[in-house]
């Protein structure tokens, strides 16, 4: 917003609980918190000059994504025909640094309060003839008092803004935690493929960071996650390799049924089947890079209220299996910025519900179906029950054979 | 819109010889409801979505300077019949210096209080209670722009209103008017449907006789040395509560006129909707 031309006359304050993060060079070790950035999100970041900084620091584009089942041979491969990048794996610290640089560039309009925490919110009364200020008042831990026409809550899935604004949140804790780690491959490769295998306990994904390094995101039960994080490094590496390579969960029935379906498809659509590849094996894990965090899903019933808007995880939280969490947030930002910019150019009060509701409608329409789909996928793939495995096997094979459906998913 | 017109009518009645104290009271009661976006004035709030860009773009097209973030910086605007300040505030947010006048003191009080919470608006807007006629002497040729939105259908003497506008406008200044046309359609929709059927507007709010056809407004403006630059029809959708532009001017319309450059002439060419000013004081009252 600070870079928006219609906002030249406005003042923006950013309350950041963490410290300032800016890097000129990235350290040799990769951070274990990474995000899969879609091309759309990259476009947003490049609109105000942040993407250039990301590129100059470090990122890994990937061209292919292979997703397959542990209980059958079914798989689906996503690939852009025109050899464009499908997405980028970027360390979160890199994105933070790029954003910090661009924030500095508009320091006269945007003031960042690092290490700050809001302790009190006073909401404006709905009555319009009151004598108290109609703006939102915020009190910080260090005693600062701020008032604003529009408060944007971007404070994550445990959003305090959302709670204080008394917006109801539909949430559900998954019985899963995600284990992240930075892995070194046994041999250097092009490494431009993102791999994801659905195990009955949860999906395991390998995201490329460089020719020899990949990032792990393994969603599994809390107990298993704890085991993985505490076991010795060799056993950890073995678990990962076996998770990707082992066919222990296959059953003959499913394999036969799957093979039959595949032949049927190849009769109808010869190019619709592909060979399943396997990711390179992992040699070792970066010490200290293993971590775990619990997973859940959430969706706020309202994204906006008078003078309040929620974006990102504060509004919606998803399972990492589709790598979409942060991209949904970037989509929110793009939409909200668009509506606020138009409102500013019309001289409107930025906190007015009229344009905030437009943002809410647009994003809810887009987000709800995706969030539901991700949740459904998670449930569908959490089982070994034959009928469901068969269903998803055939479903995946069919989807792999149908380009229009794949394009829609992308 | 009808509600607005109603209010304007009530406002207007004060300065009109046929003062209806009942109407005045009704309007007085609503004087504090201006800023409830979902209340009686909701149609006026949503009218900002088209009238502010209309004014902004017309002025941007005419000027060479562009200040990002403050497109109307340096422009002096007079909002005649400003009511609670619904139009003054967005114009001020875009950088203009706005003077809002309204004959009803309660409106001015509401407007003043609302802008007082915003330090930027507080500096850029001045509200004065009174009529257009009353400020003519002290403000000869001092404004770049006059806005009379939803006013002229309440004015008793349109010609005099336009005349006063001309005196207060700088040469080549702009006059923007939005008002209601005098047609069968506007009678059906504006009076019958809005007042009698849907009850959006209390009965008796509007006098169809006072509605102004764009042709008449244009004629009055041209004969007062204004040149009409644009006329656009407006349409209100009561279901969505929003306004849009329309080819036909048969119900509501907006007009932009520019005063001629020659000094000392009264040019009513600018806004056709301003035509109803027979008495400047009368017209100054009810615009929002």
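Chains as they are written, first to last, in full-length UniProt numbering: chain A, 1 to 410; chain B, 1 to 288. We put the beta carbon where it would ideally sit given N, CA and C, even for glycine. All values reported here derive from a predicted model rather than from experimental measurement.
Quick one: grab the DSSP three-state call for residue i.
i: residue 29 of chain A; result: coil
i: residue 312 of chain A; result: helix
i: residue 65 of chain A; result: strand
i: residue 324 of chain A; result: coil
i: residue 123 of chain B; result: helix
i: residue 413 of chain A; result: The requested residue 413 of chain A does not occur in the structure, where chain A is confined to residues 1 to 410.
i: residue 86 of chain B; result: coil
i: residue 236 of chain A; result: helix
i: residue 246 of chain B; result: strand
i: residue 218 of chain A; result: strand
i: residue 178 of chain B; result: strand
i: residue 394 of chain A; result: helix
i: residue 157 of chain B; result: coil
i: residue 167 of chain A; result: coil
i: residue 69 of chain B; result: coil
i: residue 280 of chain A; result: coil
i: residue 245 of chain A; result: helix
i: residue 43 of chain A; result: helix
i: residue 266 of chain B; result: Residue placement at residue 266 of chain B is flagged as unreliable, the pLDDT there being 42, under the threshold of 50; a coordinate-derived value is accordingly withheld.
i: residue 145 of chain A; result: strand
Along the chain, where does the alpha helix (DSSP H) containing residue i start, and where does it finish?
i: residue 189 of chain A; result: No alpha helix (DSSP H) holds residue 189 of chain A; DSSP gives it neither H nor E.
i: residue 378 of chain A; result: 353-380
i: residue 51 of chain A; result: 50-57
i: residue 46 of chain B; result: 42-62
i: residue 144 of chain B; result: Taken as a continuous stretch (DSSP letters only), residue 144 of chain B belongs to no alpha helix (DSSP H), being part of the beta strand (DSSP E) at 143-149.
i: residue 216 of chain B; result: 214-223
i: residue 114 of chain B; result: 105-116
i: residue 79 of chain B; result: From DSSP, residue 79 of chain B is part of no alpha helix (DSSP H) but of the beta strand (DSSP E) over 76-80.
i: residue 73 of chain A; result: Neither: residue 73 of chain A is in no alpha helix (DSSP H) and is coded neither H nor E.
Counting only C-beta atoms, is residue i closer than 8 Å to chain B at any point?
i: residue 353 of chain A; result: yes
i: residue 400 of chain A; result: no
i: residue 10 of chain A; result: yes
i: residue 6 of chain A; result: yes
State the start and end residues of the unbroken beta strand (DSSP E) segment that holds residue i.
i: residue 232 of chain B; result: 226-237
i: residue 203 of chain A; result: 202-208
i: residue 188 of chain B; result: It is not in any beta strand (DSSP E) - residue 188 of chain B carries neither H nor E in the DSSP assignment.
i: residue 113 of chain A; result: 110-114
i: residue 99 of chain B; result: 97-102
i: residue 252 of chain B; result: 252-259
i: residue 102 of chain A; result: From DSSP, residue 102 of chain A is part of no beta strand (DSSP E) but of the alpha helix (DSSP H) over 92-105.
i: residue 140 of chain A; result: 136-140
Counting only beta-carbon atoms, is residue i nearer than 8 Å to chain A?
i: residue 70 of chain B; result: yes
i: residue 52 of chain B; result: yes
i: residue 94 of chain B; result: yes
i: residue 122 of chain B; result: no
i: residue 106 of chain B; result: no
i: residue 176 of chain B; result: no
i: residue 102 of chain B; result: no
i: residue 117 of chain B; result: yes
Should residue i go down as buried or exposed, given a rule of 16 or more other Cβ atoms within 10 Å for buried?
i: residue 376 of chain A; result: exposed
i: residue 276 of chain B; result: Bear in mind that a pLDDT of 40 at residue 276 of chain B, under 50, signals an unreliable position, so the number given afterwards is only what the model happens to contain. Residue 276 of chain B should be labelled buried.
i: residue 23 of chain B; result: Because residue 23 of chain B sits at a pLDDT of 42, beneath the cut-off of 50, its placement in the model cannot be relied upon, and the following sentence gives the value as read from the coordinates. Buried, since its Cβ has 16 or more Cβ neighbours within 10 Å.
i: residue 34 of chain A; result: buried
i: residue 372 of chain A; result: exposed
i: residue 360 of chain A; result: buried
i: residue 382 of chain A; result: buried
i: residue 368 of chain A; result: exposed
i: residue 302 of chain A; result: buried
i: residue 266 of chain B; result: With a pLDDT of only 42 at residue 266 of chain B, under the threshold of 50, the placement of this residue in the model should not be trusted, and no figure is reported.
i: residue 135 of chain A; result: buried
i: residue 143 of chain B; result: buried
Less than 8 Å between CB atoms is the rule here; does residue i satisfy it with respect to chain D?
i: residue 49 of chain B; result: Absence of chain D from the displayed structure is noted, the protein chains being A and B.
Against chain A: residues of the segment 31-47 of chain B by CB proximity under 9 Å: From the segment 31-47 of chain B, only 32, 33, 34, 35, 36, 37, 38, 39, 45 and 46 have a Cβ closer than 9 Å to chain A.
Below 8 Å between beta carbons is the criterion; list the residues of the segment 133-148 of chain A that meet it against any residue of chain B, in chain order. Cβ contacts with chain B: 133, 134 and 135.
Check distances from the C-beta atoms of the segment 204-225 of chain B to those of chain A and list, in chain order, the residues that come in under 9 Å. Listed by position along the chain: nothing, the set is empty.
Residues in the UniProt domain "FAD-binding" (283-366) of chain A having any Cβ partner in chain B nearer than 8 Å: For the UniProt domain "FAD-binding" (283-366) of chain A, which is checked against every Cβ of chain B, the residues closer than 8 Å are 344, 345, 346, 347, 348, 349, 352, 353 and 354.
Name the residues in the segment 76-95 of chain B whose C-beta lies less than 8 Å from a C-beta of chain A; which are they? Residues 89, 90, 91, 92, 93, 94 and 95.
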